[in-house]
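Scroll down for the structure; my scribbles are underneath it.
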Amino acid sequence: MKQTDKIYVAGHRGMVGSAIVRRLQKDGFNNIVTRTSAQLDLRNQDATAAFFAEERPDYVFLAAAKVGGIVANNTFRAEFIYENIMIQNNVIHHAYLNNVKKLMFLGSSCIYPKLAPQPLKEEYLLTGLLEPTNEPYAIAKIAGIKMCDAYRAQYGCNFVSVMPTNLYGPNDNYDLKNSHVLPALLRKFHEAKKNNAAEVVVWGTGTPLREFLHADDMADACFYLMQQYNEEGLVNIGVGEDISIKDLALLVKKITGYEGALVFDTTKPDGTPRKLMDVGKLHGFGWKATIKLEEGIARVYADIKDTVF
């Protein structure tokens, strides 16, 4: 990429897209094209076609998606598969039609089978059944990976796919009904401290293991791979280490300064037992995460505690 190239970041107001915009600007890439969902509905084929024909970007980061936690994924199953497939179909196809030099599709670690061996290697894709609670979302993301590969095979498009692990950082979603586990915990513990609540209830047993990557690290990896990776298939983006939900809750409790009790509601679902990414391929390309989990969460909490909640 050259600094003069026109770069379209789809989903620039989300946690992922906004981090990519910050990373681009850090290196002097300021010819960035963005549209809010109100300005451009990527589910609409005609609108997407008109946008690409008008703007003709050189590079595309496809970070636009309908996302949510375990409740949202399981409740809005039709919306998650329909909207995500429509968004990626339209963007990928019109990137091809308008001769985009390179497109990066961002997926999710939920694409891997529920009981796949750990850590999750890229070749484990489509080797087993998915976690039922987020199967529609996962199938949409798998379709996006395969679509990039198909356009590469048939048309020679340099379309690549990356799979970030669980992310956290600026512009995260803190709505308790449809957020992911880390922002949900930050909100729960912050409000419990503010309201002097006797306890904080966490869903599940606390035993599932999860990996967490700061959005700024993720964006740095995407920026790096956009310039270094030109192959079919996908690359995992993660840290290669995980933590139990119980230990994560204790860490958030420590960072927020909450002093009450921690209770686990074992009637609620745990989701996938473990989702640790194998990051050997990523490390082989010469990139490693740098932001440690406690440091990253503390940084996020300092930024949001007086403004978001």
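Heads up: the sequence shown runs through residues 1 to 309, numbered per this note's numbering. We treat Cβ as the ideally placed atom computed from N, Cα and C, and that holds for glycine. Since the structure is predicted, the reported quantities are computational estimates derived from the model, not experimental observations.
| Asked | Found |
| --- | --- |
| Report, in whole angstroms, the separation of the C-beta atoms of M218 and A19, which I expect to be a contact under 8 Å. | 6 Å |
| As an exercise, report each continuous alpha helix (DSSP H) stretch of at least 4 residues that is fully enclosed by the stretch 74-117, in chain order. | 77-97 |
| Give the DSSP-derived three-state secondary structure of D265 in the structure shown. | strand |
| What residues are listed by DSSP as bridge partners for Y168? | H214 |
| Which of the three DSSP states, helix, strand or coil, is assigned to N134? | helix |
| So, with DSSP's three-state summary, where would you put S18? | helix |
| For D46, count neighbouring Cβ atoms within 10 angstroms of its own Cβ and tell me buried if that reaches 16, exposed if not. | exposed |
| Take Y258 and list the residues in its own chain whose beta-carbon comes closer than 6 Å to its own, dropping the five residues that flank it on each side. | F189, A192 and K193 |
| Our contact map puts E131 next to K114 with C-beta atoms below 8 Å; I'd like the distance itself, whole angstroms only. | 4 Å |
| Which residues mark the beginning and the end of the alpha helix (DSSP H) in which Y301 is found? | L293 to I304 |
| Taking the DSSP output, what are the residues bridged to Y8? | V33 and V60 |
| Among A153, G128, I245 and A215, which residue has its Cα nearest to the Cα of V300? | A215 |
| Pop quiz: C148 and F105 are said to be a contact at Cβ under 8 Å. What is the actual Cβ separation, rounded to whole angstroms? | 5 Å |
| With 16 as the cutoff for other CB atoms within 10 Å, does G286 come out buried or exposed? | exposed |
| Using alpha carbons as the reference points, say which of R187, I81, N89 and N99 lies closest to I139. | I81 |
| Counting only the same chain and skipping the five closest in sequence on each side, list residues whose C-beta sits under 6 Å from that of M226. | M104 |
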